[in-house]
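Novice: Numbering (our numbering), first residue to last: 1469 to 1874.
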């Protein structure tokens, strides 16, 4: 008996010792609509997707609903970083930004883990770090990014202004090289790479050869980063998750964005990891990226933070998707799509929004039903008469949340 126990212990220890170190990098290519990626031959993005998957996604929240969100750059980055829409994170444009840091970014989640995770930001826009991530601010727990490559848009000596703002492309070239070098040499656990100029190309020329040219050049820059990831996987005991995406689409002529047209809302995601059925559904959103990276990395997200996230993982098991709500007399009917008939759904409700101001919600368990029921009727008498409710559907593999106003 002792011999068998010792042998089993040795096997368990050997398995733990052989587990690969997981690392993740996400790349935002600003303002490239899905139809461009699908029309052009983008070797790097195509190769990443060939290892995993590519799909269209959406941004902009729910049209006409409480989460409707402008399709603007800084808003899009924050949608991704916090896995929430503007009604929560409070970033409403590209200037005069006042994020609500109570909705944690994926970088804060990484830094709040018991284990130390090193983070990196390779970006042409300083506000990504100083404002959107809130580095060093008390409200973010004095978040610290370990490897920083940014601030170049302020360096007019090294990157003087050029026609059509091509100095931003020069900065992107430098950022991509530094990201590739940093990943190859330092291998941060979580990295964000931001490439800016594609958005400028659209603003200056709209749809056409110029926009195509600089989208393909951005793909080449992504190829440098992808090569560094493959180098790490080939020479070190590491397993990487790569996600490439955009923050918004564009208007029909390609010049603008910000509205709720189909092309402005349509984004895309490419990843090298195997995906679940949600990835290829119409519900795939930019807010799903951070939860997917958190799952891959094994991050433990505090329940109060997790239940505010509007996204759900597109890797691993998921049980339910597409939450909806409908008033019925004094009651509220909650609905969802069942992805795993064997799962159980626990329904939670709160009649306030204390989390928004740094408080903790008083969640009430309202009931449990099989996921296959695909609906739950909340009796009005069960909830305080505040006129505002938050609901969470929780399963063993994922959660969904929704606000309801009466």
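C-beta atoms are modelled at their ideal positions from N, C-alpha and C, and glycine is treated no differently.
Which first and last residues belong to the beta strand (DSSP E) in which residue 1799 is found?
Specialist: Segment 1799-1806, the beta strand (DSSP E) holding residue 1799.
Novice: Counting only the same chain and skipping the five closest in sequence on each side, list residues whose C-beta sits under 7 angstroms from that of residue 1743.
Specialist: Excluding positions up to five away in sequence, the list reads 1520, 1521, 1782 and 1783.
Novice: Hey, which unbroken runs of the alpha helix (DSSP H) at 4 residues or more fall wholly within the segment 1663-1698?
Specialist: Qualifying alpha helix (DSSP H) stretches, in chain order: 1665-1673.
Novice: Are at least three pairs of beta-carbons, each pair with one atom in the segment 1612-1626 and one in the segment 1634-1652, less than 8 angstroms apart?
Specialist: Yes: at least three Cβ pairs fall under 8 angstroms.
Novice: Between residue 1801 and residue 1718, what straight-line distance do the alpha-carbon atoms span, to the nearest angstrom?
Specialist: Cα to Cα, residue 1801 sits roughly 36 angstroms from residue 1718.
Novice: Can you grab the Cα-Cα spacing for the pair residue 1487 / residue 1703, in whole Å?
Specialist: About 15 angstroms.
Novice: Please report how far the alpha carbon of residue 1848 lies from the alpha carbon of residue 1780, in whole angstroms.
Specialist: Computed Cα separation, rounded: 28 angstroms.
Novice: Which one or two residues does DSSP pair with residue 1836 in a beta bridge?
Specialist: For residue 1836, which the question treats as bridged, DSSP gives the partners 1814.
Novice: Using a 10 Å radius around the Cβ and a threshold of 16 neighbouring Cβ atoms, would you call residue 1874 buried or exposed?
Specialist: It counts as exposed.
Novice: Out of 1823, 1839, 1850 and 1822, which has the shortest C-alpha to C-alpha gap to residue 1833?
Specialist: Closest option to residue 1833, Cα to Cα, is 1850.
Novice: From which residue to which residue does the alpha helix (DSSP H) around residue 1851 run?
Specialist: Taken as a continuous stretch (DSSP letters only), residue 1851 belongs to no alpha helix (DSSP H), as it is neither H nor E.
Novice: For residue 1544, which of helix, strand or coil comes out of DSSP?
Specialist: Reduced to three states, the DSSP call for residue 1544 is helix.
Novice: Quick one: Cα of residue 1594 to Cα of residue 1569, how far?
Specialist: So the alpha carbons of these two residues sit roughly 18 angstroms apart.
Novice: Can you give me the C-alpha to C-alpha distance between residue 1824 and residue 1676, rounded to a whole angstrom?
Specialist: One C-alpha to the other measures close to 43 angstroms.
Novice: Given this structure, state the Cα-to-Cα distance separating residue 1633 from residue 1540, to the nearest angstrom.
Specialist: One C-alpha to the other measures close to 19 angstroms.
Novice: Determine the burial state of residue 1610: buried for a count of at least 16 other Cβ atoms within 10 Å of its Cβ, exposed for fewer.
Specialist: Exposed: under 16 other Cβ atoms inside 10 Å.
Novice: Count the CB pairs spanning the segment 1660-1675 and the segment 1711-1725 that are closer than 8 angstroms, and state whether there are at least three.
Specialist: Yes, the segment 1660-1675 is in contact with the segment 1711-1725.
Novice: Of all the options 1554, 1838 and 1542, which has the alpha carbon lying nearest to the alpha carbon of residue 1562?
Specialist: Checking every option, the nearest Cα to that of residue 1562 belongs to 1542.
Novice: I believe residue 1663 touches residue 1495 by the beta-carbon criterion, under 8 angstroms. Please report the beta-carbon distance rounded to the nearest angstrom.
Specialist: Between residue 1495 and residue 1663 the Cβ distance is about 7 angstroms, and since that is below 8 angstroms, they are a contact.
Novice: How is residue 1491 classed by DSSP in three states: helix, strand or coil?
Specialist: Three-state DSSP puts residue 1491 in a strand.
Novice: For residue 1830, does the count of other Cβ atoms within 10 angstroms reach 16, so buried, or fall short, so exposed?
Specialist: By the neighbour-count rule (16 or more Cβ atoms within 10 Å), residue 1830 is not buried but exposed.
Novice: Determine the DSSP secondary structure at residue 1865, reduced to helix, strand or coil.
Specialist: It is coil, neither helix nor strand.
Novice: So, with DSSP's three-state summary, where would you put residue 1475?
Specialist: For residue 1475, the pLDDT reaches just 48, beneath the cut-off of 50, and the residue's location in the model is therefore unreliable, although a value from the coordinates is still provided. DSSP places residue 1475 in helix when its eight states are reduced to three.
Novice: Residue 1795 bridges to which residues according to DSSP?
Specialist: According to DSSP, residue 1795 bridges with 1800.
Novice: Could you check how far apart the C-beta atoms of residue 1666 and residue 1498 are, in whole angstroms? I think they sit under 8 angstroms.
Specialist: Contact holds; Cβ gap of about 5 angstroms.
Novice: Who are the Cβ neighbours of residue 1738 in its own chain at under 7 angstroms, not counting the five residues just before and after it?
Specialist: Closer than 7 angstroms at the Cβ level, and outside the excluded window around residue 1738, lie 1513, 1516, 1517, 1522 and 1712.
Novice: How many whole angstroms separate the CB atoms of residue 1753 and residue 1492, which I take to be in contact at a CB cut-off of 8 angstroms?
Specialist: At roughly 18 angstroms, the Cβ-Cβ gap does not stay under 8 angstroms, so residue 1753 and residue 1492 are not in contact.
Novice: Find out if the Cβ-Cβ distance for the pair residue 1787, residue 1774 is shorter than 7 angstroms.
Specialist: No, Cβ-Cβ distance for residue 1787 and residue 1774 is not below 7 angstroms.
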